[in-house]
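Protein chains in written order, with the working numbering: chain A, 1 to 243; chain B, 1001 to 1206.
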């Protein structure tokens, strides 16, 4: 046996069989579990859209029902802010790919979710950007005046827990409700202020939130993400305000 | 039975993977800013170490010596990814908590260290308990470090505020340095210091 285990043929056979078995197991798991994982992902997305729009915390089971009830329209916008599709394609649109297309100068479409809540139509914009270690994403909801933020949610792939990872906490996200993105009819976005908003003059505090101490690069990432993505939707919001 | 309980309790003290064997220090710095991720990480590493120890021990007589590290790595990586896939499908909330750690679990030196040092030369059941013991020993240090870092760095424990508002009003500030990795290293150092002074047999002979 000892002799046999030093034998090159045995080593190659062993490695080949091991790799095939492991690969088969992993691909089987990936294929079989994919529908369940997709359902979880979709529900997570629905939940985040509703949460950003200000619907209080929702149980797991009724997310789909609640979403169908509240999210009355799913729009796909073109670069000029015109609605090009209302059939629900927006839900499957990959924001990352669209932003990439925009960067490359290719045609792109922007998804937008309209949530009806307490008699208001709230526009929920999907966000996509980069943190320190990987992707960050989320949703920001704008009230029907086209200026006031009603809420925001953020999540991340691999930010450091306790530092950048804090963007996924309620404490950080809660700050966004009631902030303004327009100052004297000019777009200023919501600034994620390093050192805290108390370092700003009183009048500017409605356009900023506190950054996370120890998470400066992630905070900057959130700031850039909101500024960049909301910037793309400005033509649409301008149209809305005119009407 | 005495043997098995010894396999579990020894790594909590005299053969602790972090403070004595000095394995798994990198993840100990990364996940101990708060109690919650520390506990999640401790549980994950315990499960992974136990089961990869068991599998490698079952395979130990067939593994060619010259590619054993690669075989160990394949088994560990496959196990972690498989578990992650199942969690994503059936307990999505837990998998969200874990997502950041999956990479850290696979590369955790404790897993590989125990496979190489123990499972390759011991029977499956013993290896399984050795894995649990070392996972718990790792978790113990993680929780101790996270306790001090969260308490002094964020003024909370398990996410609940502990330091009274009156303290802040009186000028008390959370120590932001505690949230940063270097302080974890210093706390681990203090733990090692205390442990060594209590167990003189751990000190090197001059």
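C-beta atoms are modelled at their ideal positions from N, C-alpha and C, and glycine is treated no differently.
Closest in C-alpha terms to residue 33 (chain A), from the list B:1042, B:1091 and B:1002, comes B:1091.
The Cβ of residue 30 (chain A) sits closer than 8 Å to at least one Cβ of chain B. The contact set of residue 1086 (chain B) on chain A, defined by CB atoms closer than 9 Å, consists of 29 and 33 in chain order. For the 8 Å CB-CB criterion, residue 182 (chain A) and residue 128 (chain A) do not form a contact.
In the three-state scheme derived from DSSP, where H, G and I count as helix and E and B as strand, residue 1053 (chain B) is classed as helix.
Three or more Cβ pairs closer than 8 Å define a contact, and the stretch 1069-1080 of chain B falls short of that threshold against the stretch 1015-1025 of chain B. Closest option to residue 214 (chain A), judged by alpha-carbon separation, among A:229, A:226 and A:193: A:193. For residue 1177 (chain B), the closest C-alpha among the options B:1169, B:1150, B:1195 and B:1163 is that of B:1150. Contact note: residue 213 (chain A) reaches chain B through 1174, 1176 and 1179, using a C-beta cutoff of 9 Å and chain order. Note that the stretch 193-203 of chain A does not touch the stretch 153-167 of chain A; fewer than 3 beta-carbon pairs, one per stretch, sit closer than 8 Å. In this structure, DSSP gives residue 139 (chain A) an extended state, which the three-state scheme calls strand.
Rounded to the nearest whole angstrom, the C-alpha separation of residue 42 (chain A) and residue 108 (chain A) is 22 Å. Identification of chain B residues near residue 15 (chain A) by a Cβ-Cβ cut-off of 7 Å yields 1067, ordered along the chain.
Identification of chain B residues near residue 130 (chain A) by a Cβ-Cβ cut-off of 8 Å yields none; the smallest Cβ-Cβ distance measures about 16 Å.
When the alpha-carbon of residue 170 (chain A) is set against those of A:8, A:27, A:51 and A:72, the nearest one is in A:51.
For residue 1165 (chain B), the secondary structure class from DSSP, reduced to helix, strand or coil, is helix.
Here the alpha carbon of residue 118 (chain A) sits roughly 10 Å from the alpha carbon of residue 55 (chain A). In this structure, the CA atom of residue 112 (chain A) is about 46 Å from the CA atom of residue 1051 (chain B).
Rounded to whole angstroms, residue 232 (chain A) and residue 84 (chain A) show a C-alpha spacing of 15 Å. Residue 93 (chain A) is a Cβ neighbour of residue 76 (chain A), given a cutoff of 8 Å. By the C-beta density criterion, residue 1089 (chain B) is buried, having at least 16 other C-beta atoms within 10 angstroms.
For residue 1050 (chain B), no chain A residue has a C-beta closer than 9 Å to its own C-beta; the minimum C-beta separation is roughly 19 Å. Annotation: residue 139 (chain A) has no Cβ neighbours in chain B at a cutoff of 7 Å; minimum Cβ distance is about 16 Å. Residue 1023 (chain B) and residue 1110 (chain B) have their C-alpha atoms some 6 Å from each other. Taking 8 Å as the upper bound for CB-CB distance, residue 1007 (chain B) and residue 1113 (chain B) are not in contact here, some 15 Å apart. Interface annotation, residue 1082 (chain B): in contact with chain A, CB-CB separation under 8 Å. Our two residues, residue 1168 (chain B) and residue 212 (chain A), have alpha carbons roughly 18 Å apart in a direct line.
In the structure shown, residue 114 (chain A) falls within a strand segment according to DSSP collapsed to helix, strand and coil. Of the candidates A:10, A:191, A:28 and A:142, A:191 places its Cα closest to the Cα of residue 222 (chain A). At a cut-off of 8 Å between beta-carbon atoms, residue 161 (chain A) makes contact with chain B. Around residue 1138 (chain B), the same chain offers 1017, 1018, 1024, 1042, 1045 and 1110 as residues with beta carbons nearer than 7 Å, after the five sequence neighbours per side are excluded.
Sequence-ordered contacts of the stretch 1034-1059 of chain B with chain A read 1034 and 1037 [C-beta pairs closer than 7 Å]. Within the DSSP secondary-structure output, residue 126 (chain A) pairs in a beta bridge with A:139. In the DSSP assignment, residue 1197 (chain B) forms no beta bridge with any residue.
For the stretch 1001-1069 of chain B, the continuous alpha helix (DSSP H) assignments of 4+ residues that do not extend past its boundaries occur at 1002-1009, 1025-1030 and 1035-1059, in sequence order.
The beta carbons of residue 1148 (chain B) and residue 1187 (chain B) sit closer together than 8 Å.
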